[in-house]
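Here's the structure, in structure tokens; my notes come after.
4 protein chains.
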Amino acid sequence: MDVRIGLIGCGVMGADHAAILRAGVAGARLAAVQDADGKRARALAETLGTVAVMDEAAALIASPEVDAVLIAAPDPAHAPLVLACIAAGKPVLCEKPLADTVEGCRGVVAAEMKSGGRLVQVGFMRRFDAGYHAMRQAVERESLGAPLMLHCVHRNKVAPDYITSAQVIANSGVHEMDIARYLLAEDFAAVTVISARPSRLMPNRQPQMILLESARGVVVSVEVTPDAQYGYDVRGELVCESGTISLAPAPPVALRQAGLDGFAVEEDWRTRFGEAYRAQMVAWVHAVRGGQPAGASAWDGYMASRTAAAALEAWQAGGRVVMAPESRPDFYAV
Amino acid sequence: MDVRIGLIGCGVMGADHAAILRAGVAGARLAAVQDADGKRARALAETLGTVAVMDEAAALIASPEVDAVLIAAPDPAHAPLVLACIAAGKPVLCEKPLADTVEGCRGVVAAEMKSGGRLVQVGFMRRFDAGYHAMRQAVERESLGAPLMLHCVHRNKVAPDYITSAQVIANSGVHEMDIARYLLAEDFAAVTVISARPSRLMPNRQPQMILLESARGVVVSVEVTPDAQYGYDVRGELVCESGTISLAPAPPVALRQAGLDGFAVEEDWRTRFGEAYRAQMVAWVHAVRGGQPAGASAWDGYMASRTAAAALEAWQAGGRVVMAPESRPDFYAV
Amino acid sequence: MDVRIGLIGCGVMGADHAAILRAGVAGARLAAVQDADGKRARALAETLGTVAVMDEAAALIASPEVDAVLIAAPDPAHAPLVLACIAAGKPVLCEKPLADTVEGCRGVVAAEMKSGGRLVQVGFMRRFDAGYHAMRQAVERESLGAPLMLHCVHRNKVAPDYITSAQVIANSGVHEMDIARYLLAEDFAAVTVISARPSRLMPNRQPQMILLESARGVVVSVEVTPDAQYGYDVRGELVCESGTISLAPAPPVALRQAGLDGFAVEEDWRTRFGEAYRAQMVAWVHAVRGGQPAGASAWDGYMASRTAAAALEAWQAGGRVVMAPESRPDFYAV
Amino acid sequence: MDVRIGLIGCGVMGADHAAILRAGVAGARLAAVQDADGKRARALAETLGTVAVMDEAAALIASPEVDAVLIAAPDPAHAPLVLACIAAGKPVLCEKPLADTVEGCRGVVAAEMKSGGRLVQVGFMRRFDAGYHAMRQAVERESLGAPLMLHCVHRNKVAPDYITSAQVIANSGVHEMDIARYLLAEDFAAVTVISARPSRLMPNRQPQMILLESARGVVVSVEVTPDAQYGYDVRGELVCESGTISLAPAPPVALRQAGLDGFAVEEDWRTRFGEAYRAQMVAWVHAVRGGQPAGASAWDGYMASRTAAAALEAWQAGGRVVMAPESRPDFYAV
């Protein structure tokens, strides 16, 4: 039988998840949707065929017609909803962050461990991108020797007006923190943040340079620029002992036009990581159906939030912050 | 209800199609498989869950458990199988070529038209590649002005030993003939073929340069190299009035290693066009379920074979062969 | 003592040659200039320091203050001036073409042979481009095996209004004919020309596709587009038995701006081949001072014109023209 | 009259400078050479034509046959030789560093200012590289808005065995410190250094990440990897308010071979910056002959050394070091 998925949150990201399921993911179908704005939920449902619309998230989670839950609600709602899913014994894929505080993340981890089984996946979709996958394989196979440095670049075209420097670090930067930890397969021991001057086009927030040091001494540089203007651009180069491997994201065609030879930059993460979102869904459904847990666990979500919090602390203090090592519980081994 | 698909031919390509369906295509499932080699059919079926194995292609086509047919059998079997599907009133997606002779293609076209409805799609999967799609859009929108020239390159790493120069033109080159006709949205009026000397590594067949002239005067150059050694490589550049648009196929990562900065070339068309094969299946299923016909029609398959035959004639004659114009029946409009 | 160079022709190309000499070429200095337009000659001389201005080309060639002659005068003047240099026993570097007819070229070859020594170099500057140099080395060393095909692209941004289709073939295309013959180190045996429809932006001339076949069976495709609009672009890919080598001309910086990631295309051949022009001058001066003859000889200039003439014949006849083999005189060995 | 240049130091770099002069730099010629190893000086002289060989550097500097001095002697000799040139009133181009201590640099600056005229140029040749030149122009013209961040990568293939981590920072890193200060046209206010773990291939020194903060808040990241193995690689990307501009160093040809599509990485800085070395010489000769001073001044050499010293201090202290602002004397304006 197909896994019947309930979607909580019918905004842009929720609608994208729904579209992926509508296009076909083996062994799964979207069964119910819910949104705090009922109108938005009904509008989405109309595009999807036979899908139930529920008024309350709690009802969706409790519904016998829902086997697994996909959370794309606003950030503060994440932890309570994930805890409800755990309480109901239902697998859940939650958009990042797992919770809006480190404590909240810790609470989810504790609840999941107490439940006795792995139920939570966090939507760090980049782990399913073909480029990062190849970089991770290079680390695992040591095909270029061991990693020494990793350079990450995260540029948004224009971030929403309300985004602050703290959010540039914690909300955008956290994607890099998770993927860097994933690529290197180890935790971070220290973090330093140096802010650049703001663009005159957006003077109330600053591009950030975040320096992470892994437990074994790999140095990770992370540029996060919220208002790059020219497009959405995510870059990564892993410097290893005998060579480097880099993301090479390029659209399928190149143009020679008006004095320039090049290609179009992506508009946002939804196009750039469209394939990764789909692969994430396939892997999650596979796990729900009894396969190996895939993607970021609640522990990974917790560690990402911890790193982001340490980065904020380093940013405010203007110095290097050392992060105490923390052993991954066996529960999250795999 | 899901479209129940029957697959005829369980070789490499058939297995790939089966894998696409297994990974999930909305509205469809693989219901039955058949192969002249029954063992091969059973081996494939075992990897697929509940799928019937049939002994005879005719039985599969006739089966009430099969709504639509996917043909990946050897080339000479294509036309008879497609005709049987038409006779049974079942939609069919047939790997290229539609038939192994121009006459065979014409027979299919005639039978389909007589049947009163569109049933046949030919597996020219490149039409679903994102790069060619963007090139076609550039032509439709005249975003770079009208096309003047098109350069195509088709290189196989090492073709099978039995492939002859004639097959280099007709079997490999036909992919370029179809995609060029698709991109330009017009038929060809003339063809010239000039053979290069053979590689000493494979002296019994020659790389070919095929020159096509479209009805409106666009010149298409097609290099087909059967034994490029370094990898599988398909290139295309469309030269328009105010700029050019080119395929930019690159794996998701770049490497700097051992004195070189670059990226890995594909091994074969299955990886290069993996996404295109999936998109082709999605579009076919959509059409079978009542949507717009997509991809190459029987008419397109006929025109491709006609062009290939004219190229063979030009090759043998050592001169330019003019192709008589032929109007597309209204039946194939759209 | 420095070689004292006399320059005939003070237009754009002549001024560029003068600038190269002014910037410093070991063992040479510009001693005299002449132009049919005396004002232009004087204006150029004023920018150059102590340089004599002569009224007549004949006087410049005859002058005891001039050791070697650089010809950048209009095309029809080339052959008579080169013949005068030969008669005076003075080395000459003549902009291409060597003469404006095949007969004219033959006359120069005969005169030079009769003179008993090598005096003439033709300004096919591409032979000194680092990219073509590397391609030629790959052929000589067979580092990628023997060549099978060569693809050349020659695009001007916008050609002058008076340029005709015949000139597109003979004047622009001849650069490709010379460099292809140089890269392959063999003569051509046949040529076919297929014209594309004209751009609506310049309806009175057509982009051309020229197909050359070398004596040993290498096929060369040459696209010449006079009005590419987006910039000046010269491309080349040599397809060999085990790999390909391509020109990779890119300015020293890349830009990410306004939704595009790429680099600026050159405006014209003067920037694209600026280094090649300088290297050509250095090599010519070296040869004049007793070194090995370098660059294109009068024989090469003759063969280029012969190929261009055959291409024009093929274009007018609409078919393949076979070129009779012609042995290079020992005089031009090296 | 030509400027007669005296060269002190006939090792690899000295020989390269001599070769540039031999190939022709307008208005200059190499008149004398000297090396602590007289044999080496004589061997070089033999390849150069009429060049005097001197036994002592002091004699060369004092010689009436020498108008200007080029210093390519070992680092500790730089400052004393430059001071001698200043004392003799002769223009000098000195390989970096200007002196082996900050104090030494300060001494040269003081001596030059006392002399009343600009005599010293430091051989930071990258300032003459076409790529950096274009980046500097983008800053000056604000064609992409103001700079916010700059990412620099400096990788040596394999550094000599005796190179220490301190030298990685101070000797290799100083190239980036100078060019970053040049590109941004402002001084640095703070520096932080974070060391990565060493490669197992070279365990006694570490790759370094140097973070510079400019006075106006531009953040500069500098990776210096002494043993990158795959080749010599210098990268730079300047992130500005509306786009980025990057070095795009690529050899003139691309290769498709053995499963890879790419290009050869440089072996060392001599090939990578060969053109820059030549342009530096041309600019220096121009300045010596009365033109505008060009390239890095003694002040720039001093500031580079000061920044390198601060980086070493930050490295040893493990924290951020603030650099006191220091006004450029009017003497060094321009």
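Residue numbers (the working numbering), protein chains in the order written: chain A, 2 to 335; chain B, 2 to 335; chain C, 2 to 335; chain D, 2 to 335.
Just so it is clear, CB atoms sit at the ideal spot from N, CA and C, and this is done for glycine as well.
Note that this is a predicted model, so its numbers are computed, not measured.
Residue i classed as buried or exposed, judged by whether at least 16 other C-beta atoms fall within 10 angstroms
i        : result
Tyr163/A : exposed
Ala186/B : exposed
Met126/A : buried
Ala259/D : exposed
Leu45/C  : buried
Gly118/C : exposed
Beta-carbon proximity of residue i to residue j, cut-off 8 Å
i        : j        : result
Leu71/A  : Val109/A : no
Gln230/A : Glu242/D : yes
Gly26/A  : Val283/A : Residue identity check: residue 26/A is Val in the sequence provided, not Gly. Yes. Within cutoff.
Ala181/B : Val221/B : yes
Val123/D : Cys86/D  : no
Ile195/A : Thr193/D : yes
Ala197/A : Met150/D : yes
Gly28/A  : Asp3/A   : yes
Leu248/A : Pro204/B : no
Gly174/D : Ala309/D : yes
Met324/D : Ala334/D : no
Ala80/C  : Ala53/C  : no
Glu276/A : Tyr233/A : no
Arg257/D : Gly244/C : yes
Ala135/B : Leu313/B : no
Neighbour flag for residue i against chain A, beta carbons, 8 Å
i        : result
Ser200/D : yes
Arg23/B  : yes
Ala249/B : yes
Residues bridged to residue i (per DSSP)
i        : result
Pro148/A : Cys241/A
Leu213/D : Val192/D, Val221/D
Glu267/A : Tyr233/A
Arg30/D  : Arg5/D
Ser247/C : Glu238/C, Ala255/D
Arg156/D : Thr226/D, Asp234/D
Ser298/A : Gln122/A
Ile62/C  : In DSSP, Ile62/C forms no bridge with anything.
Ala69/D  : Ile6/D
CB contact below 8 Å: residue i versus chain D
i        : result
Pro208/A : yes
Within-8 Å CB hit, residue i to chain C
i        : result
Val220/B : yes
Arg217/B : yes
Cys289/D : The displayed chain sequence assigns Val, not Cys, to residue 289/D. With 8 Å as the cut-off, Val289/D does not count as an interface residue toward chain C.
Pro252/D : yes
CB contact below 8 Å: residue i versus chain B
i        : result
Gly244/C : yes
Glu177/C : no
Leu212/C : yes
Pro92/A  : no
Val26/A  : yes
Val283/A : yes
- Taking a Cβ distance cut-off of 7 Å, strictly less, list which residues of the segment 225–239 of chain D are near chain A, in chain order. The segment 225–239 of chain D vs chain A, Cβ under 7 Å: Thr226, Gln230, Tyr231.
key: Residues of the segment 306–330 of chain D with Cβ closer than 9 Å to any Cβ of chain A, in chain order   = Taking a C-beta cut-off of 9 Å against chain A, the contacting residues of the segment 306–330 of chain D are Gly319, Gly320, Arg321, listed in chain order.
- Return the residues of the segment 255–268 of chain C that lie within a Cβ-Cβ distance of less than 8 Å from chain D, sorted by chain order. Taking 8 Å as the Cβ-Cβ cut-off against chain D, the residues of the segment 255–268 of chain C that qualify are Ala255, Leu256, Arg257, Gln258, Ala259, Phe264.
In chain order, what residues of the segment 132–160 of chain C put their CB closer than 7 Å to some CB of chain D?
Answer in chain order: Gly132, Ala135, Met136, Leu145.
If contact means a Cβ-Cβ distance below 7 Å, which residues of the segment 185–196 of chain D contact chain A? Those would be Thr193, Ile195, in chain order.
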